[in-house]
Amino acid sequence: MVSRWVIIASCLAYVGILFAVAYWFDQRAERGRLLANPWVYALSLGTYATAWTFYGSAGMAAVDGAAFLAIYLGASLAVLLSGTVMGRMVRAVQRYHVTSIADLAASRYGKSGWVGGAVALGAVIGLIPYLALQLKAISNTFLMLAGEAGASSAAAVPVLHDTAFYAVLLLAAFAILFGARRLSPAERHDGLVAAVAIVSVAKLLAALAIGVFVVFFLYQGVADLFDQAVRLPQYGRLIAIGGEGLSYGRWLALLVLGMLSVMLLPSQFHLVAVENRGEKHLYSALWLFPLYLLLITLFVLPVAFAGLLRFPLGAVEPDTFAIALPVAFGSPGPALLVFLGGLSAATAHVVVSTLALSILICNNLVLPLLLRLGWISASGPGHGGRRVLYLRRFSILLLLALAYGYLRLTGHSYALVQIGLVSFVAAAQFAPVVLGGLFWRHGNRRGALAGLILGFLAWAYTLVLPVLATSGWLPPDLVQAGPFGIPWLKPLALFGLEDVDWISHGLFWSLLANTGAYVGVSLAKPASLEERLETLRFIDGLAQDGTAEMGLAGRLASARDLHGLLARFLGPGYADEAMARFAQESGVAHWQELEPNADLVGRTESLLAGVIGAPSARILVDSVLRRAPVGTREVMEIVDETSHAIAHSHRLEQQSRQLEALAAALRESEERLEAIIDNAPAVIFMKDLEGRYLLINRQYESFILVGRENIKGKTDHDLYSSELADVYVRNDRRVLEAGKPLQMEETLPAFDGMRTYLAVKFPLRDVNGQVYALCGIATDITERKRAEEAIRDLNRDLAARGEQLEALNQELEAFSYSVSHDLRAPLRGLNGMTQILMEQYADRLDDTGRTYLEQIRKSSQRLSQLVDALLSLSLVSRGEMRREDVDLSEMVGKIADDLRAGQPERQVEFVIQAGVHAHGDPRLLRVVLDNLVGNAWKYSVKRPVGRIEFGTVPLEDGGQAYFVRDNGVGFDMQYADRLFKAFQRFHSPNEYPGSGIGLATVQRIVRRHGGRIWGEGAVDQGATFYFTLGP
Amino acid sequence: MPKRSLQDARLIALFLLGCLALTYPLLSLFSRSGTIFGIPLLYVYLYGAWATLIVLAGLATRR
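These protein sequences, in sequence, are chains A and B. This note's numbering numbers the first residue of the first sequence as 8 and each following residue consecutively. This note's numbering numbers the first residue of the second sequence as 3 and each following residue consecutively.
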């Protein structure tokens, strides 16, 4: 086969290349250029595919069929939760400088050394077998490749001749050089990650190469291989799940194990969270990593089938099919390639795992212990950091030694697969504490401890005990019959749970005990106030955009002491830098001036935690805290914080109560408004800006016969004919454009025909003054409208009738004018003839004749007077009216003079108000005053001293009336309405001569001026005539 | 971070879909004899589902 020395030389060459790569990247990182690449990150996660995947999967496939896939499918599913679960882990690392999974648990549960220690212890114990498995894979395949497989009982070989021993040395060197060369505050190892990524590529290529070799060189393709595999007796079992194949229970258990281990194996946590260079890398990894797993497992089944076909049952361990096949077919090239691939897989895992475990041992097991014992202290000589570094290197060696020891003692009794799964179940024990801790606020320290302890006890009892018994370290009876022969305590069938395979059984009981205790104790025993506050802060800090507030009330230390601590564990340069940063953020020039404050303490502690873990950092920082006497102040501050929280929640409660009251008031007012709107006789509606109805009132509802629940979103075009709707929409738009209420008449069709509405429409505005809707209130004015119409008709009738009357009147006037005019000529003739008769023939007539003639003359004169009066009356109505300013006082004065001149014998006293003016036709007004003053003169004839007054009186309506008063015979008021009728006389013409037409003329003139006339008087008490003139 | 939270919601949905596709009732539909291109049906289904999940995850995280 391949010579020992060729193999060793290839190994050394390969590992040498890795060293070189790692070294180069480390140097590069020291120069400040960090390796931040999503592909490198995703490939480094490929460490999940260990030697166990590389060799063990084929072994698992040969026995269990598809079972091996469940692990990788589970892992692929779990990384889909990157954003939620893993994102929180990454943030925990970034914000709290968490260095390992144990540290995460410790940080979360009040920086508890106990929880961190329990996780660390569990991780070491649980994962030693998994490390041993890697060593076993290296040594087994080495021997096989060298053709010395027969001598496989490694226990018999002396240590110095054991290949596994040399593998241990090589791996230890690698792990120490790149994981523990120096202390870095963030535990980032660029060289290591780069090497691991390259290793991932190498093993993927090797796995694909052996797959191609087997499928296409040993067989004629996939179809050929499976065709031949059909004749295998176990074929049916291997290609099924359920039925004769593996049970669904085991499938599910492996799926869950895959999901949990990809996050919770310390090595995986280290690569996923601690070595993460940016949360966004998680999002590329979540499809790259599953793709990697898919490719690397692609040929597992063909290799397993080929091995089963090639080798008789039991001749070759199925775990080694991958290397046994090329060896058996005499192809040393592919065999060596596979060996290097397996070596890659094992190396990567061992190195990362020992690094992660050493951090976890140092920071969470040993350092807290040493600090408590006082072997390392906050002060004192020496560089504390150097001791930590030695401690870490030592623990790497210790871990590898333990793994090697485990391998030599028990390693050969179980297949790789089974060992690996036991470790996976151990890692799964961290699930309740870590995942619960990331999301569940009520999980506390006591619960975490209880869960871890019970979970690991159950794990040891159901999974480790049987291994030890099988290896001969414990009596086999213990497993077969149960301790003390109690059957329901049998480790493989606890409480009688049989029919389940070993791993599923152990996973179920351990997780049940673990979760049960964690949840139960957490809920039964609430944490202290202080721990709860820290928990709240921790979880809040993990929210995507949350900010971590570091300080815890009451923890104060001087800046000098804190600087001292940092210098001691991180080096003076780093300490200066960090303190300067704090000082700058607090706005202080030098860190020496920093006041002691809780935030400073919290941040220093967090920095320290990045190197030595949370519990150790807590112990160290506690040692320099100002020893305030039993912290009245601290207690006060804590109480203060709590009372703040209480006050805050109280305020919230109050606010919510106020809001409720407000909401109730709002509801009430809304109901009130609705009631008003609904019961209003008017049509009320609301539309949005696009004209869609928002609400309508009951009146509108009844009127358009559409329910309000159906009206929402409808427009006028849905309800009315398009001509009507167009009108409404136009009106609405007008209102919205005007931005103010407008009033308009709209007609709406109703069941009894069109009805008219007077609508007021107005825009509704929100609090910012933006118009958001239109409201309309429309009142039915159909009846009013009809009444108006009727009145208008009536007026039209009246006007027509008035016109007829007017025409008739004019005709009559024309008639009376022409009659009087035509009568004058014959009357003049009659008068003239009578005059002649009287003058020339009087002596020829006897007395009787003369009397008759006299009668004729008088009658004809009277008739003449009447005709003249009639003529002047009709003249008054005819002809143009010329209005101008007229001095009435002067006019009355002239009339008085004329009258006195006519009858100088009479004693009449005139009282004329001076300066009475009027706006009217002077000719007509003269007629008026002639008549009125003339009447007054005439009817006061019987008084020894007559008295005639002219003047004005104010009227109630603000205008004025002219009056003419006398102290004559007066008249009876009951005949007042007959005063102004033509030819109506109260006295005989003999007593008071006159035509009986004067006042009718006066009234007509006054009316033509737009005024009115009325008289007041009493018999023998005189009379007063008032008149007004229109404007 | 509304974009990020939408992405996370998609991924959680994808996770649940994957859990459903890879467990009992659905899985049993493909756990029967028969081959596609000479490969047993169960394996074709498992790898097919796996590849689909990867593609969907890739699409969900793009942009």
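The C-beta atom is built at its ideal place from N, Cα and C for all residues, glycine as well.
Residue from the options whose Cα sits closest to the Cα of residue i
i	options	result
A:Val526	A:Asn451, A:Trp509 and A:Gly571	A:Asn451
A:Pro473	A:His512, A:Leu815 and A:Leu461	A:His512
A:Ala408	A:Glu677, A:Ala171, A:Asp583 and A:Tyr255	A:Ala171
A:Met266	A:Leu178, A:Ile78, A:Leu300 and A:Ala201	A:Ile78
A:Asn371	A:Ala182, A:Lys118, A:Val595 and A:Arg869	A:Lys118
B:Ala53	A:Gly249, A:Arg699, A:Gly1029 and A:Leu80	A:Leu80
A:Trp1021	A:Glu956, A:Glu796, A:Ala204 and A:Tyr982	A:Tyr982
A:Pro45	A:Glu286, A:Ser17, A:Leu262 and A:Arg890	A:Glu286
A:Gly348	A:Thr60, A:Arg791 and A:Ala849	A:Thr60
Cross-chain neighbours of residue i in chain A, by beta carbon under 9 Å
i	result
B:Gly20	Leu80, Ser83, Leu84 and Leu87
B:Thr25	Tyr255, Trp258, Leu259 and Leu262
Where residue i meets chain B, residues with beta-carbon distance less than 8 Å
i	result
A:Phe233	Thr37, Gly40, Ile41 and Pro42
A:Leu298	Ile56
A:Tyr5	Residue 5 of chain A lies beyond the residue range present for chain A, which begins at 8 and ends at 1038; the question has no answer from this structure.
A:Leu301	Tyr49, Trp52, Ala53 and Ile56
A:Leu308	Tyr45
Own chain residues within Cβ distance below 6 Å of residue i, not counting five before or after
i	result
A:Leu272	Ala434
A:Arg640	Summary for A:Arg640: the model assigns pLDDT 49, below 50, so the residue's position carries little reliability; its value from the coordinates is reported in the next sentence. Counting only Cβ-Cβ distances below 6 Å, and skipping sequence neighbours, we find nothing.
A:Leu320	none
A:Asp979	Val1026
A:Tyr969	Thr959 and Phe1034
Partner residues on chain A for residue i, Cβ-Cβ distance less than 7 Å
i	result
B:Gly60	Trp294
B:Leu29	Ile248
B:Leu16	Leu87
Proximal residues to residue i (C-beta, below 7 Å), its chain only, five neighbours per side dropped
i	result
B:Leu58	Leu16
A:Ser823	Leu877 and Ser881
A:Ser274	Thr54, His356, Val359, Ser360 and Ala363
A:Ala29	Phe185, Gly198, Leu199, Ala201 and Ala202
A:Thr327	Tyr62, Asn147, Thr148 and Met151
A:Phe463	Gly129 and Gln436
Interface partners of residue i on chain B, CB under 7 Å
i	result
A:Tyr226	The contacting residues do not exist; A:Tyr226 stays about 11 Å from chain B at best.
A:Thr106	Ordered by position in chain B, no residue passes the 7 Å Cβ test against A:Thr106, which lies about 26 Å from the chain.
A:Thr91	Asp10 and Ile14
A:Phe549	Residue identity check: residue 549 of chain A is Leu in the sequence provided, not Phe. Those do not exist, as A:Leu549 stays about 14 Å from chain B at its closest Cβ, beyond 7 Å.
Cross-chain neighbours of residue i in chain B, by beta carbon under 9 Å
i	result
A:Val229	Phe39, Gly40 and Ile41
A:Leu669	None at all; the shortest Cβ gap to chain B is about 30 Å.
Cβ-based burial, residue i [other Cβ within 10 Å; buried from 16]
i	result
A:Val208	exposed
A:Leu350	buried
A:Pro4	Look at the range of chain A in this structure, 8 to 1038, and you will see that residue 4 of chain A is not part of it.
A:Lys143	buried
A:Arg399	buried
A:Ala670	exposed
A:Gln436	buried
A:His828	exposed
A:Trp598	buried
Neighbouring residues, chain A, relative to residue i (Cβ below 8 Å)
i	result
B:Leu48	Ala73, Leu76 and Leu80
Residue span of the alpha helix (DSSP H) that contains residue i, given as start and end
i	result
A:Ile24	Arg11 to Glu37
A:Leu350	Pro339 to Ile368
A:Gly443	Phe437 to Phe446
A:His570	Ala566 to Leu577
Start and end residues, beta strand (DSSP E) containing residue i
i	result
A:Lys4	It is not possible to answer for residue 4 of chain A, since the shown part of chain A is limited to 8 through 1038.
A:Leu1043	Look at the range of chain A in this structure, 8 to 1038, and you will see that residue 1043 of chain A is not part of it.
A:Phe970	Gln967 to Asp973
A:Met751	Leu749 to Ala757
A:Phe1034	Ala1030 to Phe1034
Cβ shell of residue i (< 8 Å), same chain only, five flanking positions each side left out
i	result
A:Gly72	Arg244, Leu245, Ile246, Ala247, Ile248, Gly252 and Leu253
Practice prompt. Note down, in chain order, all residues in the stretch 241-269 of chain A with a beta-carbon under 8 Å from any beta-carbon belonging to chain C.
Written response: Looking at the structure shown, chain C is missing, and the protein chains on hand are A and B.
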